[in-house]
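Asks:
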Amino acid sequence: MIDTTHVRPARLAVGVISAGRVGAVLGASLARAGHVVVAASAVSRASLRRAEELLPGVPVLPPDEVAAMADLVLLAVPDDVLPGLVSGLIATGSLRPGQIVAHTSGAHGVAVLAEAARIGALPLALHPVMTFTGRGEDLVRLAACCIGITATGDRDSPADPGWSVGEALVVEIGADPVFVPEAARPLYHAALAHGANHLATLITECVSLLSAAGIAEPERLLGPLCGAALDNALRHGDRALTGPVARGDLSTLRAHLDVLGASAPEVLPSYRVLAARTADRARAAGVLPESAAAEVDDLLDEENR
Numbered sequence: 001m002i003d004t005t006h007v008r009p010a011r012l013a014v015g016v017i018s019a020g021r022v023g024a025v026l027g028a029s030l031a032r033a034g035h036v037v038v039a040a041s042a043v044s045r046a047s048l049r050r051a052e053e054l055l056p057g058v059p060v061l062p063p064d065e066v067a068a069m070a071d072l073v074l075l076a077v078p079d080d081v082l083p084g085l086v087s088g089l090i091a092t093g094s095l096r097p098g099q100i101v102a103h104t105s106g107a108h109g110v111a112v113l114a115e116a117a118r119i120g121a122l123p124l125a126l127h128p129v130m131t132f133t134g135r136g137e138d139l140v141r142l143a144a145c146c147i148g149i150t151a152t153g154d155r156d157s158p159a160d161p162g163w164s165v166g167e168a169l170v171v172e173i174g175a176d177p178v179f180v181p182e183a184a185r186p187l188y189h190a191a192l193a194h195g196a197n198h199l200a201t202l203i204t205e206c207v208s209l210l211s212a213a214g215i216a217e218p219e220r221l222l223g224p225l226c227g228a229a230l231d232n233a234l235r236h237g238d239r240a241l242t243g244p245v246a247r248g249d250l251s252t253l254r255a256h257l258d259v260l261g262a263s264a265p266e267v268l269p270s271y272r273v274l275a276a277r278t279a280d281r282a283r284a285a286g287v288l289p290e291s292a293a294a295e296v297d298d299l300l301d302e303e304n305r
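All the letters of the sequence shown, read from the start, carry residue numbers 1 to 305 under full-length UniProt numbering.
1) If we count Cβ pairs, one from each stretch, closer than 8 Å, do we get three or more for the stretch 141-151 versus the stretch 120-132?
2) Return the chain-ordered ranges of every beta strand (DSSP E) run that is complete within the stretch 229-301 and spans a minimum of 3 residues.
3) Can you give the beta carbon distance from glycine 27 to valine 16, rounded, assuming they're within the 8 Å contact cut?
4) Confirm, please, whether the CB-CB distance from valine 296 to valine 259 is below 7 Å.
5) Pairing CB atoms from the stretch 64-80 with CB atoms from the stretch 45-52, are three or more of them under 8 Å?
6) Whole-angstrom Cβ separation of leucine 234 and arginine 281, contact assumed at under 8 Å?
7) Would you decide whether alanine 67 is buried or exposed? Buried here means 16 or more other CB atoms lie within 10 Å of its CB.
8) Would you give the residue range spanned by the alpha helix (DSSP H) that histidine 194 belongs to?
9) Start and end of the beta strand (DSSP E) containing glycine 134?
10) For aspartate 176, which of helix, strand or coil comes out of DSSP?
11) Do you know offhand how far alanine 228's Cα is from glycine 243's?
12) Who are the Cβ neighbours of aspartate 3 in its own chain at under 6 Å, not counting the five residues just before and after it?
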């Protein structure tokens, strides 16, 4: 891990807007690192409960008051809300030169904080690459995950301290910093969402299929199997591909298509698309011979007609 002790931020007054699943956890982690959470905003019953549990004793105030009190303003709001929130804080005079203004959105870089930068604030994007529940165990998850950092300019330029400040904050809470250029943010976030969000959809759909097949506690089957598949994929890439598509087992693949068409037609389109992508990657990796891959393609095309 890179040594950033020479750029360690002084103890900061942190304002959390808002105390959602990410904001409350990140605020609590910064408090553990020695910073002081001076205020948080929370509207829903769930966010108020998180504030009480993870940020005990921290006053709950409107967003403009939270920002005005803070050295580090942490904007942990949904992607679509972020631009309007920044404009609103500027309009109310809640932000000032010298503040660090950081958001936790994966989809945005620092362009969304351009108004704050124009008044002299230091803009940062700090995106925890983790899924959170908003409970205490997330503090452990946060310390074991990566955080995508985006700042302005060239991260190797001493004229822009944003990268160093972001890196130091991330290291302080025990996470791993990953530098993400502004232009790479859309593809970076699409990749993460495709992997994590669609994985959750895929697994829950498989649970439903096994339940429909009369299998009790399907999670017991899927946990070890999918855990091993994920580990193998991360370790070995496409060489870890297995199953009827990667083997070119046409009779089994046809049986899958038939049973899904009869019993779960809503699942069939996604199965077919993923099977085709599996065949493409298995072919490119040399796992599936070209002749077998062509037969898989023909079968999937036939079923798609």
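C-beta: ideal position from N, C-alpha, C; glycine also.
Replies: Per the coordinate set shown:
1) In short, these stretches touch, since the Cβ pair count reaches three.
2) Runs of the beta strand (DSSP E) spanning 3 or more residues and lying entirely within the stretch 229-301 do not occur at all.
3) That belief holds up - the Cβ atoms of glycine 27 and valine 16 are roughly 4 Å apart, short of 8 Å.
4) Remark: C-beta atoms of valine 259 and valine 296 do not approach each other more closely than 7 Å.
5) Flag = no, the stretch 64-80 and the stretch 45-52 do not touch.
6) Contact flag wrong, Cβ pair sits at about 15 Å.
7) Only buried fits alanine 67, as 16 or more other CB atoms lie within 10 angstroms of its CB.
8) Its alpha helix (DSSP H) spans residues 185-212.
9) Run containing glycine 134: none; DSSP gives neither H nor E here.
10) Aspartate 176: strand per DSSP, three-state reduction.
11) Taking the straight line from one Cα to the other gives about 14 Å.
12) Confidence at aspartate 3 is low in this model, with a pLDDT of 42, below 50, so its placement is unreliable and no value can be given for it.
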